[in-house]
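Here the structure comes first, spelled out in structure tokens, and everything after it is commentary.
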Amino acid sequence: MRRLVLVAPAAALAAVALTGCGSQGVVSPTPETVVGKVPKAAPEPVTPAFKLKGDPTAGKKIFQSAGCAGCHTLAAAGSTGTVGPNLDDAKPDYRRVTARVTLGKGAMPSFKGQLSDQQIADVAAFVVKATGGTP
Numbered sequence: 007m008r009r010l011v012l013v014a015p016a017a018a019l020a021a022v023a024l025t026g027c028g029s030q031g032v033v034s035p036t037p038e039t040v041v042g043k044v045p046k047a048a049p050e051p052v053t054p055a056f057k058l059k060g061d062p063t064a065g066k067k068i069f070q071s072a073g074c075a076g077c078h079t080l081a082a083a084g085s086t087g088t089v090g091p092n093l094d095d096a097k098p099d100y101r102r103v104t105a106r107v108t109l110g111k112g113a114m115p116s117f118k119g120q121l122s123d124q125q126i127a128d129v130a131a132f133v134v135k136a137t138g139g140t141p
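Quick note on my numbering: the sequence shown kicks off at 7 and runs consecutively.
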């Protein structure tokens with residue numbers, strides 16, 4: 007009898023506690039109004055290579071020999087790198103490619119000292135043509 011006296015209140019307390027565990031009372035966050043303006047991303051800088059007309063055929067050879075294929079996926083180059091962005095998905099424009107190859111950004115190193123401005127323009131022309139990016 008004494009055991010029943012101790013077990014009954016414990017069972018009642020457990021039942022009350024478990025009723026709060028359902029998903030009925032879950033509160034989801036709601037969006038707040040943004041005050042002010044969200045800044046726009048700065049455009050890529052204009053580099054000397056941007057001002058040149060690139061040759062996509064030469065650019066493909068440079069893409070493969072300069073190590074681009076080791077980091078980037080690009081079907082036209084037969085590359086499946088996963089370190090850098092998938093260029094087939096990103097479809098970068100000519101200005102972005104020339105800026106990134108020239109200056110680097112994040113994990114992408116600058117190739118300014120390794121490739122000439124014309125070679126950078128050639129790589130950019132190849133990437134843009136291969137991905138359908140904006141020339």
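For each residue, glycine too, the CB sits at the ideal point set by N, CA and C.
Just so you know, these numbers come straight off a predicted model, no measurement behind them.
Across which residues does DSSP place Lys-111 in a beta bridge pair? Met-114
For a test of the three-state rule: what should DSSP assign to Val-22, helix, strand or coil? Note on Val-22: pLDDT 48, under 50, position unreliable in the model; no value is reported.
For Pro-54, which residues of its own chain have a beta-carbon under 7 Å away from its beta-carbon, when the five flanking residues on both sides are left out? Asp-123
Residues of its chain near Gly-110, where Cβ-Cβ distance is below 7 Å and the 5 sequence neighbours each way are ignored: Ser-116
I'd like the list of long-range same chain contacts for Gly-87, defined as Cβ closer than 7 Å, with 5 residues on each side in sequence excluded. Ala-75, Gly-76, Cys-77, His-78 and Thr-79
Quick one: what does DSSP say Ser-71 is sitting in, helix, strand or coil? helix
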